[in-house]
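When you read off a place in the sequence shown, starting at 1, and then add 5, the result is the number in our numbering.
The C-beta atom is built at its ideal place from N, Cα and C for all residues, glycine as well.
For reference, the structure discussed in these notes is given below.
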Amino acid sequence: MSGQKIVFFDTWAEHKPYYTRRLKNVFNVATEYTDEPLTEVTASRHQDATIVSVSVTSDVSARALAKLPELEYIASRSTGVNHIDTQAADASDVLVSTVPAHIEATVAEHTIMLLLALARQLGETTQHVQARVVDHTQVTGFEVAGKTIGIVGCGRVGGYLSRVAAALGMDVIGYDPQQPPNEHIAYASFDHVLENSDILSLHAPGNQETRHMMNADRLAQMKQGAVLLNTAAGDLIDTGALIEALFSGHIGAAGLDVLEGEQLLRLDEEIALLHPDVSRQDLLLSTEHDALLRMPNVIITPHNGFNSQEAIGRIRQETAENIKQYLQHEPRNVVNKK
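Given below as structure tokens:
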């Protein structure tokens with residue numbers, strides 16, 4: 006393919022030489038790099054791009070795609086596509102690929118980190134030390150050994166998590182329509198998992214079918230004081246319902262690496278909320294984020310579960326290979342239909 010221009014959005018400086026070596030120097034394509042995510046605003050600055058590579062911090066909406074009239078292909082540096090309007094991509098005849106790279110260890114470890122931090126009240130304990138106040142009665146935690154963890158979505162990440170949880174002495178139950186073989190998981194119905202888990206960890210894919218799978222009714226089914234973890238997709242949880250469940254004490258704590266509208270956590274997106282065309286939904290989500298951030302029994306990380314040196318290396322390699330295969334007219338790991 007000649008005349009191709011690749012724009013890498015939200016790219017770290019240290020990754021540029023790798024992509025240049027793997028792609029530009031081999032295929033003689035034009036490449037540009039920016040540390041900004043792809044949004045409707047930033048897309049308008051790169052209207053001649055034929056290929057874009059994005060991360061989960063981008064917002065590849067229909068309006069953003071409309072600013073890229075020459076676009077043919079999106080290489081997402083992620084396993085999911087919650088940040089991409091794939092229907093709009095279909096309508097524009099734009100292919101979308103992902104990287105089913107082996108990042109399950111990294112994400113599962115991040116999930117366990119959130120759990121242990123909540124179990125031992127790490128945030129509160131650290132604040133006490135920084136304030137030179139030591140009051141052990143205020144930061145008594147609990148052991149995870151002997152607790153029941155319910156895993157919803159038992160694929161690569163959920164399966165890996167089950168092995169770690171079992172090694173920590175936890176009883177593991179799980180729900181997955183496919184029930185992939187796993188010696189550590191006792192499969193059960195979704196209702197059973199909700200009602201019997203001391204800790205519930207979400208690892209289902211984010212799509213229209215799973216959106217708000219954890220709504221007010223499902224949260225009410227959970228055990229009193231249970232811990233909820235989500236390192237999969239923000240839309241799995243109805244944020245407003247979660248806040249109410251946390252405020253009432255029915256949900257004891259939450260560890261969240263993903264949120265609905267998580268791009269609003271960035272300052273530039275918060276400033277954009279002042280725009281007269283901002284949606285009521287974005288305003289509501291921003292308010293809900295503020296409420297969660299103020300809760301001492303909630304830990305939020307900025308969609309960082311993938312971010313280990315090892316996983317980043319695999320994602321980078323897979324992304325370059327995806328683009329290479331597309332340039333050779335053999336696209337792979339395509340997730341949408343044309």
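Taken in chain order, the unbroken stretches of beta strand (DSSP E) that lie wholly in the stretch 115-199 and span 3 residues or more are 153-157, 176-180. Assigned with DSSP and collapsed to three states, Glu41 falls in coil, not helix or strand. Contact annotation, Asp243 with His217: C-beta distance approximately 4 Å; criterion of less than 8 Å satisfied. In this structure Val177 touches Ala171 by the C-beta definition: roughly 6 Å separates them, less than 8 Å. Taking the C-beta atoms as reference points, Tyr165 is found no nearer than 8 Å to Ala124.
For Arg27, the closest C-alpha among the options Glu315, Asp203, Leu43, Lys329 is that of Lys329. The C-beta separation of His107 from Arg337 comes to about 16 Å, leaving the pair out of contact by the 8 Å criterion. Taken in chain order, the complete beta strand (DSSP E) segments of 3 residues or longer contained in the stretch 46-86 are 56-59, 78-81. Counting the other CB atoms within 10 Å of its CB gives Ser194 a total below 16, which places it among the exposed residues. Here the stretch 235-249 makes contact with the stretch 205-214; the two share three or more CB pairs at distances below 8 Å. Around the C-beta of Asp262, 16 or more other C-beta atoms lie within 10 Å, and the residue is accordingly described as buried. In the three-state scheme derived from DSSP, where H, G and I count as helix and E and B as strand, Asn212 is classed as coil.
Cα atoms of Leu207 and Gly8: separation of roughly 43 Å, rounded to the nearest angstrom. Cβ-Cβ separation between Ser83 and Val61: approximately 5 Å, consistent with a contact (criterion under 8 Å). Going by C-alpha positions, Leu70 is about 25 Å away from Gln322. By the criterion of a C-beta distance shorter than 6 Å, Ala80 is surrounded in its chain by Ser58, Ser102, Thr324, Asn327, Ile328, once the five residues flanking it on both sides are discounted. If you look at Phe13, you'll find it in the beta strand (DSSP E) that goes 10-13.
The continuous alpha helix (DSSP H) containing Ser253 extends over residues 244-253.
Counting other Cβ atoms within 10 Å of its Cβ, Phe252 stays below 16 and is therefore classed as exposed. By the criterion of a C-beta distance shorter than 6 Å, Thr16 is surrounded in its chain by Tyr38, once the five residues flanking it on both sides are discounted. Per the DSSP secondary-structure output, Thr36 pairs in a beta bridge with Ile11. At a Cβ-Cβ threshold of 8 Å, Val99 and Leu120 do not count as neighbours. Shown here, Val31 sits in a helix according to DSSP, grouped into three states. Rounded to the nearest whole angstrom, the CA to CA distance from Glu45 to Asp64 is 8 Å. DSSP places Asn327 outside any beta strand (DSSP E); the residue lies instead in the alpha helix (DSSP H), whose first and last residues are 314-332.
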